[in-house]
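Inspection log for the structure reproduced underneath, given as structure tokens.
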Amino acid sequence: MGVAIRDLISDYKTSVDWADLRGTAAVDGNNALYQFLTTIRQPDGTPLMDREGRVTSHLSGIFFRITTFLENNIKPVFIFDGAPPEFKSETLEQRRERKAVAETAYRQAVEVGDTVSAFRHARAATRVDETIIAGTKELLGYMGIPCIDAMSEGEAQAAYMAMNGDVRYSISQDYDSLLFGAPRLVRNLTVSRKRKVRGRVITVNPEEILLSDLLDGKGITREELIEIGILVGTDFNSGVKGVGAKTALKIVKSGKFYETFEENEPEFDPAPVKEFFLNPPVSKGYSLSWSHVDREGVVSYLCGRHDFSEDRVNSVLERIGVKSGQKTLDSWF
């Protein structure tokens, strides 16, 4: 879901060319998979599947996203979520309930032939489970892309790696990355450069947000940005009813963060959530190593096991090979 602070950030988004994104990047893996699973579907909401009925929408998304990255000299590392903090349990339970309702609504829409509603409910019912993640990791291995299992939130791990200088920036659609301290957040790295919004297809370009620009522009600290996020609601709390980003900014600047919760949500203690954003559990012993694309492994996995078009997969791999002229990634960077 992320944190709803778009109103504060709109003035600090900058469009960037793919050429400006050269180098290493930490990808919020769960966020990327959710994108692929919700968008790569048939008109009635049915995801792409192989002949055995296994979902392959995410594999298609990952394959074409990675090849686009490599063509644009981006070396990604995928970060996957670990164990959620205890105070996220309520949010997760609410999500499970909403998805269960959406699944029922999807089946009903399919039965009556309402494809528009079916597509909407299918997206709402999307789940990223262990099978999806395991298949993604296997494909990434064949593509020579490293993966890291975060101790907790993947965005926190990605932000730490960016702050540590091991990657240039974080890639995610969610603004939580900024609360976790990501110095540079990049969004909208879609292969098609298109996105469907409220029934309309719009053109989207990569955009970046520099945390320092946001903090300086609003005259706040990262700790205060976290307080704003907690007031409007995060993945770990529901926020204060009726408080949006602009109101939250005024509350924080007036020094009434804790007072506001005491008056409106007396049973909620924001301190643990704030501390989690400031000092999340992260792995510090990771190593990053990219390797050559295993052409045979990719073709066998996508085409042999999941019924992708061998001609199409090979044409994409050939395109990468022509660009590099060699078998390793070294010539791309």
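Going by full-length UniProt numbering, the first residue of the sequence shown is number 1, and it counts up by one from there. C-beta: ideal position from N, C-alpha, C; glycine also.
Residue i (DSSP reduced to helix, strand or coil)
i: N72; result: coil
i: P272; result: helix
i: Y12; result: helix
i: V186; result: strand
i: S57; result: helix
i: T104; result: helix
i: N279; result: coil
i: T67; result: helix
i: S170; result: strand
i: N237; result: strand
i: Q326; result: Below a pLDDT of 50, predicted positions are generally treated as unreliable, and Q326, at 41, falls in that range; no measurement from the model is reported.
i: T126; result: coil
i: S331; result: For S331, the predicted model reports a pLDDT of 39, less than 50, meaning its position is unreliable; a value from the coordinates is still stated below. Looking at S331 - three-state DSSP - the assignment turns out to be helix.
i: L288; result: coil
i: A4; result: coil
i: residue 334; result: Limits of the chain in this structure are 1 at one end and 333 at the other, which puts residue 334 out of reach.
i: V213; result: The sequence given here has Asp at residue 213, not Val. Three-state result, D213: helix.
i: S307; result: Note that residue 307 is Asp in the sequence shown here, rather than Ser. Coil.
i: residue 340; result: No information on residue 340 is available, as it lies outside the stretch 1 to 333 that the chain covers here.
i: G165; result: coil
i: V243; result: coil
i: V112; result: helix
i: V131; result: Going by the sequence as given, residue 131 is Thr instead of Val. The answer is helix: DSSP assigns T131 an H, G or I state.
i: D294; result: coil
i: T260; result: helix
i: residue 349; result: Because the chain in this structure spans residues 1 to 333, residue 349 falls outside the shown range and cannot be described.
i: A83; result: coil
i: I62; result: helix
i: Y160; result: helix
i: E223; result: helix
i: E155; result: helix
i: E265; result: coil
Beta-bridge pairing of residue i - partner residues as DSSP gives them
i: residue 380; result: What is shown of the chain runs 1 to 333, which leaves residue 380 out entirely.
i: F78; result: V27, C147
i: R41; result: P47
i: E318; result: The partner list for E318 (beta bridge, DSSP) is empty, contrary to what the question assumes.
i: E208; result: T14, V186
Rounded distance between the beta-carbons of residue j and residue i, thought under 8 Å
i: I145; j: P76; result: 6 Å
i: P270; j: I230; result: 5 Å
i: A32; j: I74; result: The Cβ separation is near 13 Å, so there is no contact.
i: D213; j: Y12; result: 5 Å
i: L302; j: F63; result: 7 Å
i: A162; j: L8; result: Between L8 and A162 the Cβ distance is about 20 Å, and since that is not below 8 Å, they are no contact.
i: L59; j: G135; result: 6 Å
i: T46; j: E208; result: With 8 Å as the limit, T46 and E208 do not qualify as a contact, their Cβ atoms being about 35 Å apart.
Residue i and residue j closer than 7 Å at C-beta
i: M38; j: R123; result: With the sequence shown as reference, residue 38 is identified as Thr, and Met is not the correct amino acid for it. Going by C-beta atoms, T38 is nearer than 7 Å to R123.
i: F80; j: I133; result: yes
i: I226; j: L249; result: no
i: V282; j: Q157; result: yes
i: D307; j: R98; result: no
i: A150; j: A182; result: no
i: A105; j: D44; result: no
i: L178; j: L211; result: yes
i: D216; j: T91; result: no
i: V3; j: F78; result: no
i: E224; j: V243; result: no
i: R184; j: Y169; result: yes
Chain-order list of residues whose beta-carbon lies under 6 Å from that of residue i (same chain, five-residue window excluded)
i: Q35; result: none
i: Q326; result: Only weak support exists for where Q326 lies, its pLDDT of 41 falling under 50; the value from the coordinates is given anyway. Nothing listed; no residue qualifies.
i: T126; result: L37, T38
i: G61; result: F36, I40
i: F276; result: P85
i: T115; result: P43, D44
i: C147; result: F78, K137, L140
i: V16; result: P206, E208
i: N264; result: V240
i: Q94; result: none
Sequence-distant residues of the same chain with beta carbon closer than 7 Å to residue i, five excluded per side
i: N30; result: F80, D81, V128, G154
i: M143; result: I66, V293, V298
i: V232; result: V3, A4, I5, G239, V243, G244, A245, A248
i: S57; result: F36, L37, I40, R41, P47, L48
i: P280; result: S152, E153, A156, F180
i: A109; result: S117, A118, H121
i: R305; result: none
Other residues of its chain near residue i: CB distance less than 8 Å, five sequence neighbours each side excluded
i: V299; result: E310, V313, N314, L317
i: I320; result: T67, L70, E71, V293
i: F268; result: N237, F261
i: S289; result: P146
i: A83; result: M151, S152
heavy atom of the ligand HEM below 6 Å from residue i C-beta
i: E52; result: For the ligand HEM, the structure offers nothing, since it holds no ligand at all.
C-beta neighbour in chain B for residue i, strict 7 Å
i: I40; result: No chain B is part of this structure, which consists of one protein chain only.
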